[in-house]
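A.B. asks: All the letters of the sequence shown, read from the start, carry residue numbers -22 to -1, 1 to 410 under mature numbering (1 follows the signal peptide of the UniProt record, and there is no 0). All C-beta atoms in this analysis are idealised placements derived from N, C-alpha and C, irrespective of residue type, glycine included. Got a structure for you, questions after.
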Amino acid sequence: MIMKSKRVLALTLSVLMAGSMAGCGKPLPQNAKTVSAAGSAAASSATGELKPESGAKLTFRTSSASQLNFAKAIAKKFEAKYGVPVTAEDGSVYDQNKTNLETVSGKGPDVFMSPHDKTIENQRAGLLLKLDGRITAKMKQDVSDIAMKTVTVDGGVYGVPVSVETYVMFYNKKLVKGAPATSFEQLLKESKSFNNASQNKFWFLSNVSEGATIYPMLSTYGYKPFGKDGTDNDKPDFDTPEFEKGLEVLKKYHDLMPAASGDLANWDFLTNQFVTGKTAYLISGPWNVKTLRDSKTDFGVAPLPTYDGKKETSFAFVQNAQVSAYSKYPNAAQLFAQYLVSDEGAELLYSDASCVTSRKDISKIKGLAQDKQLSAIVKCFNESTPMPTAKRISYFWTICANVGPSVFDGQMTPKAAATKAKSDWDSFLKEE
């Protein structure tokens, strides 16, 4: 659900949010300055264990309606353990800008879910509390290394990775007999006897209008935006041979999916094709698992196909619980955020939201360890690359959404698209 809602970020929204934050001019609250790294000693026990403040009460805002049941359930368990009541809110009715403004005004949630590409942006804006060292030490033991990178800024930890996502290849077992395909070449060969555009029958389907969905194709020959760790704001690398060759791969995928990019941008259409047996393979992620199960579709999960013998790599996406720097109860808020990724939290996340925990070891998570489909997604996540957290990532999404479909539809050559991508990037920089 999260990535399904992760559409191309409009530049205007980024500018609006930056302007709104700059216009507030409100200094960080005292608790953000004094609690940031060490926590509040006054609210800790003699043994150094972090304790919630007396009279603490919290508000927790989810990122989607599908997680509200999980949020309410984990809130009850947390209150039973710590004596701190937590009000759960459906974050899907709020936009990010509204949440940020509410946070600064002191009226926002104490803990809120956020996609990990927002971590640096929110941290730079002074919205996030740097977590206590006792919290982060435990997290580093329990949480995936890939996930931990998404909440780490300049050596500090500014959130708790809760759930992980990545793109995988679903296959319909009624159409795919035996082991699933492992390469583009195999898929293309098999599609010849199945594809029928007039009947909307396509052996393989994928959205090609979003930066996140076309990145695996772009990555084929080594393209990786924003540097090795995804934080170099000045290195989109649109002018590299690797990017242009990736666009050539994207163009070739039209042979496998003889459809218009605009049609493939409709996620409901793609899912319906799969569940009705008109598509054998679908590129999607864990947010679609519940829908597929509810439709009684017999499906499996496989890694993304190779191309020319080379691995295609998806971005790793993480949904993080972040603690407001303006929370009146920073200790309680940190403890709640940490509890979201506990064994109890991971079980509820799986049972109530069909989401995958960021914990390294899922063997103790009731149900998840035995879930072949979600376990396969976890394996794919561990082999993916973290989505960049560079502050200019919104430019990347916008540019890919412009040039990707044009290349796929044959309206622009890969070389021309690479040139346009670089030109558009330069134009964005001039507008800063």
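(1) Would you mind stating whether residue 434 and N309 have Cβ atoms separated by less than 8 Å?
(2) Write down the C-beta distance between L248 and L242 rounded to the nearest angstrom, noting that I regard them as a contact closer than 8 Å.
(3) Where does K170 sit, in a helix, a strand or coil, going by DSSP?
(4) Please state whether the Cβ-Cβ distance between I124 and L28 is less than 8 Å.
(5) Using DSSP bridges, identify the partner residues of A280.
(6) Which residues does DSSP list as the beta-bridge partners of R39?
(7) Are there three or more Cβ pairs, one per stretch, closer than 8 Å when the stretch 256 to 265 is compared with the stretch 176 to 186?
(8) Less than 8 Å between the CB atoms is what I'm expecting for V129 and V138, so what's the real figure, rounded?
(9) Between which residues of its own chain and K400 is the CB-CB distance below 7 Å, once the five residues before and five after are set aside?
(10) Which class does L109 belong to by DSSP, given the choice of helix, strand or coil?
(11) Within the continuous alpha helix (DSSP H) that includes Y328, where are the two ends?
(12) My assumption, with CB atoms under 8 Å, is that F295 sits in contact with E188. Please give the rounded CB distance.
(13) How is the beta strand (DSSP E) around F406 delimited, first residue to last?
(14) Helix, strand or coil for R337? Go by DSSP, reduced to three states.
(15) Helix, strand or coil for L346? Go by DSSP, reduced to three states.
(16) Tell me whether the stretch 381 to 393 and the stretch 339 to 359 touch, counting them as touching only if at least three CB pairs, one residue from each stretch, are closer than 8 Å.
(17) Quick one: residues in its chain with C-beta nearer than 8 Å to the C-beta of Y201, no 5 flanking neighbours on either side, listed in chain order?
(18) Pick from A368, D88 and F293: whose alpha carbon is nearest that of P63?
(19) Going by the CB atoms, is the gap between L282 and M365 shorter than 8 Å?
(20) Is L28 helix, strand or coil when you go by DSSP?
(21) Are the Cβ atoms of G104 and H232 separated by less than 8 Å?
(22) According to DSSP, which residues form a beta bridge with S183?
(23) Would you call G263 buried or exposed, if buried means 16 or more other Cβ atoms sit within 10 Å of its Cβ?
(24) What's the C-alpha gap between K152 and S273?
(25) In whole angstroms, give me the CA-to-CA distance for W265 and F48.
(26) By how many angstroms is the C-alpha of S171 removed from the C-alpha of N298?
(27) In the structure shown, what three-state DSSP assignment does Q316 receive?
(28) Who are the near neighbours of T160 in its chain, counting only those whose CB is closer than 7 Å to its CB and skipping five residues on each side?
(29) Would the beta-carbon of T198 fall within 8 Å of that of E290?
(30) Which parts of the stretch 202 to 269 are runs of the beta strand (DSSP E), unbroken and 3 residues or longer, counting only runs that do not cross its ends?
(31) Pick helix, strand or coil for S141, following the three-state DSSP scheme.
(32) What residues are listed by DSSP as bridge partners for T130?
(33) Ignore the nearest five residues each way along the sequence and tell me which others in P194's own chain have a CB closer than 7 Å to its CB.
(34) Between the alpha carbons of S44 and G323, how many angstroms are there, rounded?
(35) Might you give, ordered along the chain, the residues of its own chain that have their beta carbon closer than 8 Å to the beta carbon of K288, omitting 5 neighbours on each side?
(36) On the CB-based measure, 16 or more other CB atoms within 10 Å of its CB, does E99 come out buried or exposed?
C.D. replies: Reading it off the structure:
(1) With the chain covering only -22 through 410, there is no way to say anything about residue 434.
(2) 7 Å
(3) The answer is coil: DSSP assigns K170 none of H, G, I, E or B.
(4) no
(5) A280 is bridged to M147.
(6) E67 and F90
(7) The answer is yes - the stretch 176 to 186 touches the stretch 256 to 265, with three or more Cβ pairs under 8 Å.
(8) So it is a contact: roughly 7 Å between Cβ atoms.
(9) F216 and D217
(10) coil
(11) D321 to A331
(12) No, F295 and E188 are not in contact; Cβ-Cβ is about 12 Å, not under 8 Å.
(13) For F406, there is no enclosing beta strand (DSSP E); the enclosing alpha helix (DSSP H) covers residues P392 to K408.
(14) strand
(15) In the displayed model, L346 falls within coil according to three-state DSSP, outside both helix and strand.
(16) no
(17) D215, T218, E220, F221, K223 and G224
(18) Nearest of A368, D88 and F293 to P63, Cα basis: D88.
(19) no
(20) strand
(21) Going by C-beta atoms, G104 is not nearer than 8 Å to H232.
(22) The residue asked about is misnamed: residue 183 is Leu in this sequence, not Ser. DSSP output for L183 lists L260 as bridge partner(s).
(23) buried
(24) 14 Å
(25) 14 Å
(26) The alpha-carbon atoms of N298 and S171 are separated by roughly 44 Å.
(27) helix
(28) P283 and T284
(29) Going by C-beta atoms, T198 is nearer than 8 Å to E290.
(30) 257 to 262
(31) Note: S141 maps to strand in three-state DSSP.
(32) V135
(33) Y145, L282, E290, T291 and S292
(34) 16 Å
(35) A distance below 8 Å between beta-carbons, with the five flanking residues on each side excluded, links K288 to the following residues of its chain, in chain order: T198 and Y199.
(36) Under this definition E99 is a buried residue.
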